[in-house]
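Residue numbers (the numbering used here): 0 to 253.
Yeah, the Cβ is synthetic: ideal placement off N, Cα and C, and Gly gets one too.
Please read these numbers as outputs of a predicted model, since none were measured by experiment.
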């Protein structure tokens with residue numbers, strides 16, 4: 000519990016100290032603690048973690064662009080010239096429509112399309128999926144805090160995007176499209192729709208869901224065109240029962 004009477008440093012010391020004591024008192028041979036505050040990088044929290052022996056793990060997968068609600072206006076001035084141009088072309092296409100899906104049946108059908116397109120996309124571009132769709136399917140379909148929006152070109156689904164509504168922001172989770180989406184710039188329309196939804200829901204920012212220019216330069220350039228702020232959702236803080244376990248953990252994430 001944090002209040003004006005509490006010292007932030009003491010609060011984090013108490014939390015981390017209690018957590019470490021609980022684990023160590025179990026007297027297990029092997030144990031591992033992992034903590035990630037995501038974008039909440041607080042000096043008091045990180046200092047406390049170091050005090051209790053946690054070590055940071057930082058990887059390129061933790062980098063992302065944040066697009067802030069206060070920077071968005073109807074004149075699209077935040078966008079790069081190319082992004083703005085492609086968005087306007089998508090908006091002018093009368094055959095291109097987007098749909099926000101809320102019913103269970105519609106979301107199940109959309110997820111089936113998403114899975115099929117995403118599998119073909121990963122095979123075509125030869126990159127590894129960051130999400131196991133077989134495990135995430137039920138959650139994405141049933142949890143209404145997950146936004147599912149799709150683009151249709153002349154009635155045919157060409158692109159789908161899924162985002163998660165969080166306390167103060169929206170997290171872009173996964174997107175997939177087919178070759179038809181490229182010709183009509185459907186992904187620009189979907190991403191812009193998510194950004195406008197962020198403003199409608201009074202959220203502070205959109206987390207674009209990570210970047211990896213080495214593995215997927217196309218997605219990197221797409222997100223870069225939003226002219227958001229580059230930041231790190233990390234580091235991941237690790238504390239293990241022995242040095243070998245900590246080293247193995249570090250190698251796993253790197």
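For residue 59, the CB contacts under 8 Å within the same chain, skipping 5 residues up- and downstream, are 211 and 213 in chain order.
Contact annotation: residue 143 and residue 109 have beta-carbon atoms that are not nearer than 8 Å. Taking residue 8 as the centre and dropping the five residues before and after it, the same chain places the C-beta of 43, 46 and 47 closer than 8 Å to its C-beta, in chain order. Taking the Cβ atoms as the reference, residue 170 lies roughly 6 Å from residue 208, within the contact range of under 8 Å.
Closest in alpha carbon position to residue 72, among 221, 197 and 186, is 197. The C-beta separation of residue 83 from residue 75 comes to about 5 Å, placing the pair in contact by the 8 Å criterion. About 7 Å separates the beta carbons of residue 34 and residue 53, which is inside the 8 Å limit, making them a contact pair.
Contact between the segment 231 to 242 and the segment 93 to 109 is absent: fewer than 3 CB-CB pairs across the two stretches fall below 8 Å. The beta carbon of residue 179 sits closer than 6 Å to those of 152 and 157, all from its chain and outside the five residues before and after it, given in chain order.
DSSP places residue 62 in the strand class (E or B) of the three-state scheme.
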